[in-house]
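Novice: One structure is given below, represented as structure tokens, and several questions about it will come after.
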Amino acid sequence: MSEVQALIGSWRLLSFRILYDDGGVEFPLGADAEGLIVYTHAGFMTGALMQRGRPKFSAMRSSVAERGIGSADEIVAAFNGYFSYFCRFETDPVQRKVMHRVIGCHLPDWEGRTLERFWQFEEVDGRRQLTLRSAPLSINDRRACNELKFLREPDIFPIEVQP
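So, in structure tokens, the structure goes:
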């Protein structure tokens, strides 16, 4: 199986951190963040990351169509503690790079952007791990990259990969 084919499937988040060139490390959603990404044979990717322990709203919505639920502080905590987007993806196997062409995101200004991620696989305790790193970026005038580590989740219904 090629490394590009190995991307296909479900991946559970192990860690999400920002690595600064000056040696600093930050966990923007906490050291115990949760998340899942899924790459499909059809060329789509979707991902969601969240901070554990986000405060619950004082009133519960019965539907996403229901508006006016949550105080300003509750809404800000919910928004800042969650990240999600879906996209088309293309790969460059020579550079081990995947390009996410964002279709929809909880951050509206990311829609239409292309995000470059560089992949690396390794086997740890008999399980496949995936590391995705962003291209270098600037965060509050500091040079950094995002690093996300994932653990391959088994397929419930194994799908044969066509060559």
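Counting the sequence shown from 1 gives a position; the working numbering is that position plus 369. We put the beta carbon where it would ideally sit given N, CA and C, even for glycine. No experiment lies behind these values; they were computed from the predicted model shown.
1) Which same chain residues end up closer than 8 Å to Ala402 when comparing Cβ atoms and leaving out the 5 residues on each side of it in sequence?
2) How big is the Cα-Cα spacing for Arg482 and Val467?
3) Name the two residues that bound the continuous alpha helix (DSSP H) containing Glu443.
4) Taking the beta strand (DSSP E) that Ala417 belongs to, which residues open and close that run?
5) Please identify the residue among Arg511, Arg457, Gly473 and Arg497 whose C-alpha is closest to the C-alpha of Ala411.
6) So what's Gln374 in DSSP terms, helix, strand or just coil?
7) Suppose you measure from the CA of Glu516 to the CA of Ser507; what does that come to, to the nearest Å?
8) Express the C-alpha separation of Asn509 and Glu443 in angstroms, rounding to a whole number.
9) Enumerated in chain order, which unbroken segments of the beta strand (DSSP E) with a length of 3 residues or greater are wholly contained in the stretch 453-501?
10) When the Cα atoms are used, what is the spatial distance from Arg502 to Met414?
11) Taking the C-alpha atoms as reference points, what is the distance between Ala370 and Ile377?
12) Return yes when the C-beta of Gly416 is under 7 Å from any heavy atom of the ligand GTP, and no when it is not.
13) With a threshold of 8 Å on Cβ separation, who are the neighbours of Pro462 within its own chain once the five nearest residues in sequence on each side are excluded?
14) So what's Asn515 in DSSP terms, helix, strand or just coil?
15) Measuring CB to CB, does Glu485 end up less than 8 Å from Val471?
16) Provide the residue(s) that pair with Ile387 in DSSP beta bridges, ordered along the chain.
Specialist: So, from the data block:
1) Leu382, Ser384, Phe385, Phe396, Leu418, Met419, Gln420 and Arg421
2) 13 Å
3) Ala441 to Asn449
4) Phe413 to Met419
5) Arg457
6) helix
7) 14 Å
8) 25 Å
9) 466-474 and 483-493
10) 16 Å
11) The question names Ala, yet the displayed sequence has Met at residue 370. Roughly 11 Å between the two C-alpha positions.
12) As for the ligand GTP, it is missing from this structure, which has no ligand bound.
13) Ser371, Glu372 and Val373
14) strand
15) no
16) Glu395 and Asn515
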